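My numbering numbers the first residue of the sequence shown as 689 and each following residue consecutively.
The beta-carbon is built from N, C-alpha and C at its ideal position, and this holds for glycine as well.
Since the model is a prediction, treat every value here as computed from it, not as a measurement.
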Amino acid sequence: MTASVHAAHLAQLNVATLRHPLEDPRMTPFVEMLDPVNAAADGAPGFVWRLVEEGASDATALRPAGEDVIVNLTVWETPEALWDFTYRSGHLDVMRRRREWFERHVEAHLVLWWVPAGHVPTVGEALERLADLRANGPSPRAFTFASSYTAVEAAQHLQAVPQEQP
């Protein structure tokens, strides 16, 4: 994790339901984009941390939300840094082709929330924030780009949890 002068960082989780297993040839273009896109994230301004399975270069083998659901969990210094990476980098190419590889979601599949700088969110924490967003709608505790809150507005929801090893 990189050092930051910010007191709070923005965590994000997004989940995607696979149309086909990752080994399926129809998923090859997506799988081939994983390393370059993850490398771009790792080097992006404002990037802090991303979930990676131990001994792997990504988290696609982790399936905490279901066997056909992949998760992406990251931490960024600011919402602007996450937005710029998501919509102004090579990641946008993946976004444009997502319907080839992932089912359309009928409920929220992305959640944002503030964490104390230095805190590494767990998958359980992230899934709980997504469940909160789905059940209660956007709030300072769990929100989206379209319904965002500042770290100040979310201050009472920051969890001062000891940092866990990624």
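Endpoints, alpha helix (DSSP H) assigned at residue i
i: Arg-787; result: 786-789
i: Phe-773; result: 767-775
i: Pro-804; result: Where Pro-804 is concerned, there is no enclosing alpha helix (DSSP H), although the beta strand (DSSP E) it sits in stretches over 798-804.
i: Glu-742; result: That residue, Glu-742, is in no alpha helix (DSSP H); it is neither H nor E in DSSP.
DSSP-derived helix/strand/coil call for residue i
i: Val-762; result: Strictly speaking, residue 762 in this sequence is Thr, with Val absent from that position. Three-state result, Thr-762: strand.
i: Arg-707; result: coil
i: Val-811; result: helix
i: Pro-752; result: coil
i: His-793; result: coil
i: Val-757; result: strand
i: Phe-831; result: strand
Check whether residue i and residue j have beta carbons under 7 Å apart
i: Ala-814; j: Leu-761; result: yes
i: Val-736; j: Ala-747; result: no
i: Leu-698; j: Pro-809; result: no
i: Pro-733; j: Ala-769; result: yes
i: Val-757; j: Thr-705; result: yes
i: Ala-753; j: Val-703; result: yes
i: Ala-749; j: Ala-839; result: no
Where residue i falls, given that 16 or more other Cβ within 10 Å makes a residue buried
i: Val-693; result: Its pLDDT being 47, under 50, Val-693 is placed unreliably by the model, and the measurement read from it follows with that caveat. It is exposed - the Cβ of Val-693 has fewer than 16 other Cβ atoms within 10 Å.
i: Phe-773; result: buried
i: Val-803; result: buried
i: Phe-833; result: exposed
i: Asp-820; result: buried
i: Arg-817; result: buried
i: Gln-700; result: buried
i: His-793; result: exposed
i: Ala-744; result: exposed
i: Gln-853; result: Residue placement at Gln-853 cannot be trusted, given a pLDDT of 43 that sits under 50; the coordinates are not used to answer.
i: Ala-823; result: exposed
Cβ shell of residue i (< 6 Å), same chain only, five flanking positions each side left out
i: Ser-777; result: Ala-728
i: Trp-801; result: Ala-699, Arg-817, Ala-830
i: His-845; result: Pro-828, Arg-829
i: Leu-722; result: Asp-746
i: Ser-835; result: Pro-826
For residue i, the first and last residue of its enclosing beta strand (DSSP E)
i: Phe-735; result: 735-738
Close Cβ partners of residue i (< 8 Å) along its chain, the five nearest in sequence each way excluded
i: Arg-786; result: Ala-704
i: His-779; result: Val-725, Ala-728, Ala-729, Phe-773
i: Arg-738; result: Asn-726, Ala-729, Asp-730, Ala-747, Asn-760, Leu-761, Thr-762, Val-763
Other residues of its chain near residue i: CB distance less than 7 Å, five sequence neighbours each side excluded
i: His-708; result: Arg-714, Met-715
i: Trp-771; result: Phe-833
i: Glu-791; result: Thr-705, Arg-707
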